[in-house]
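When you line the sequence shown up against the working numbering, it's residues 1 to 287, in that order. Written below as structure tokens is the structure these notes are about.
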Amino acid sequence: MTIRSLFAATLALVSLGARGEEVLADSTEVVRPVFAAYTAESGSARLADTYLTPLKYDGWHAAFDYQRYQAMSFAPDDWTMRLHLGLSLDKTDNPARNATMWGLMLSADWGMMRKFRPFAADLTLAVGASTGIEAGCLYNARNGNNPASAKGAWTVNLTGFASYRAKIGRLPVTVTYQPTLPVAGVFFAPDYGELYYEIYLGDHSGLVHGAWWGNYFKLDNSLAADLHFGATNLRVGYHGGIFSSKVNHVVTHIYTHAFSIGVSGEWLSVNPRKRPAPKRRLVNPLD
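Quick look at the structure:
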């Protein structure tokens with residue numbers, strides 16, 4: 001190789017390196033902040049479970065709810081994820097007000113949704129699927145042999161959201177509606193009159209059942225308004241649940257309606273070992 005050829009090759013490498021640095025300088029980093037909401041709920045509950053009693057019980061409902069949204073890394077503008085955790089406590093009385101039934105439920109679900117903006121820039125629609133688990137029990141101390149009715153399920157759900165950005169005067173507000181509807185899964189239910197002591201002794205037949213709308217129906221609805229006063233938002237809204245199951249001659253109904261209040265906001269994780277790009281583009285999971 002001649003000196004002239006070596007010099008030309010060196011100039012070419014330097015030129016390519018300069019172009020690479022230029023492309024890197026002009027590149028835009030996609031930043032995916034986490035939108036999280038923490039809310040407390042208070043409202044009414046109606047419980048019925050023929051494993052425990054044929055009567056319907058009415059009372060109060062309280063719960064804590066956590067939601068976490070973030071745009072997906074593979075297609076942040078089009079796909080978003082949601083993690084939802086809930087813990088609820090119900091205290092209800094029979095019509096004569098001389099017996100109490102308690103309800104305690106823990107639920108968790110995670111899913112992905114495809115976002116669309118078909119009508120206006122301020123409206124975002126999303127549809128997708130999620131999977132979740134739920135566990136808890138109903139407890140009636142008036143029953144001597146069978147005071148508790150355990151609940152447990154794993155389901156695959158349809159889910160989505162509608163998010164609309166508006167203003168009340170000069171105050172920005174985001175209104176979000178999110179439904180979750182199980183379509184398939186499995187759930188736990190003993191036979192009518194079967195003692196849990198019998199299950200403990202080894203009678204495990206007929207305890208797990210396939211879930212479909214004919215024997216297991218649940219609809220979770222949440223409507224929330226985030227009032228953007230600053231970096232942290234005030235969240236107010238409504239949360240309602242409808243649950244009905246019928247298997248092994250045992251019918252269960254759980255209906256709740258609640259007002260919710262809490263805080264929400266966006267949080268951004270920064271890696272101190274990673275040098276940020278000169279340009280950044282934030283992708284809000286609800287936009």
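From the three backbone atoms N, C-alpha and C, an ideal C-beta is built for every residue, glycine too.
**Prompt:** Whose CA, out of Val-183, Leu-52 and Val-31, lies closest to the CA of Thr-131?
**Reply:** Of the listed residues, the one whose Cα sits closest to Thr-131 is Val-183.
**Residues bridged to Asn-145 [DSSP beta-bridge criterion]** = Asn-145 is not bridged to any residue.
**Request:** Excluding the 5 residues preceding and the 5 following Pro-285 in the sequence, name in chain order all residues of the same chain whose CB lies nearer than 6 Å to its CB.
**Result:** Residues of the same chain with a CB within less than 6 Å of the CB of Pro-285, apart from the 5 flanking positions on each side, are Phe-35, Tyr-69, Gln-70, Ala-71 and Thr-80 in chain order.
**Item:** Test: Thr-53 CB closer than 8 Å to a CB of chain D
**Value:** In the structure shown, chain D cannot be found, because there is only a single protein chain.
**Message:** Threshold first: 3 residues or longer. Then list the beta strand (DSSP E) segments lying entirely within the stretch 47 to 84, N to C.
**Reply:** Listed in chain order, they are 53 to 71.
**Item:** Every unbroken beta strand (DSSP E) inside the stretch 209 to 282 [3 residues or more]
**Value:** Entirely contained in the stretch 209 to 282, the beta strand (DSSP E) runs reaching 3 residues are, in chain order, 216 to 227, 232 to 247, 250 to 267 and 279 to 282.
**Message:** Report the CB separation of His-239 from Ser-260 in whole angstroms; it is logged as a contact under 8 Å.
**Reply:** With a beta-carbon spacing of about 5 Å, His-239 and Ser-260 fall inside the 8 Å limit used to define contacts.
**Message:** On the criterion of 16 or more Cβ atoms from any shown chain inside 10 Å, does Asp-49 qualify as buried, or is it exposed?
**Reply:** Asp-49 should be labelled buried.
**Message:** Pull the bridge partners of Tyr-38 from the DSSP assignment, please.
**Reply:** Tyr-66 and Val-263, per the DSSP bridge assignment.
**Asked** Can you tell me whether DSSP reads Glu-198 as helix, strand or coil?
**Response** The answer is helix: DSSP assigns Glu-198 an H, G or I state.
**Message:** Taking the straight line between their C-alpha atoms, what separation do you get for Ser-205 and Glu-194?
**Reply:** For Ser-205 and Glu-194, the gap between their C-alpha atoms comes out near 11 Å.
**Item:** Residue from Trp-267, Thr-39, Leu-282 and Asn-146 whose Cα sits closest to the Cα of Tyr-196
**Value:** Checking every option, the nearest Cα to that of Tyr-196 belongs to Asn-146.
**Message:** Quick check: the Cα distance between Asn-98 and Asn-140, rounded to an integer number of angstroms?
**Reply:** Distance between Asn-98 and Asn-140, taken at the CA atoms: about 12 Å.
**Asked** If we count the other Cβ atoms within 10 Å of its Cβ and call it buried at 16 or more, is Ile-168 buried or exposed?
**Response** Around the Cβ of Ile-168, a 10 Å sphere holds fewer than 16 other Cβ atoms; the residue is exposed.
**Asked** Are there 16 or more other CB atoms within 10 angstroms of the CB of Arg-32, so buried, or fewer, so exposed?
**Response** By the 10 Å Cβ count, Arg-32 comes out buried.
**Request:** Have a look at Ala-162 and Ser-245 and give me their C-alpha separation to the nearest angstrom.
**Result:** Taking the Cα positions, Ala-162 is about 28 Å away from Ser-245.
**Message:** With a threshold of 6 Å on Cβ separation, who are the neighbours of Asn-221 within its own chain once the five nearest residues in sequence on each side are excluded?
**Reply:** Counting only Cβ-Cβ distances below 6 Å, and skipping sequence neighbours, we find Pro-179 and Gly-240.
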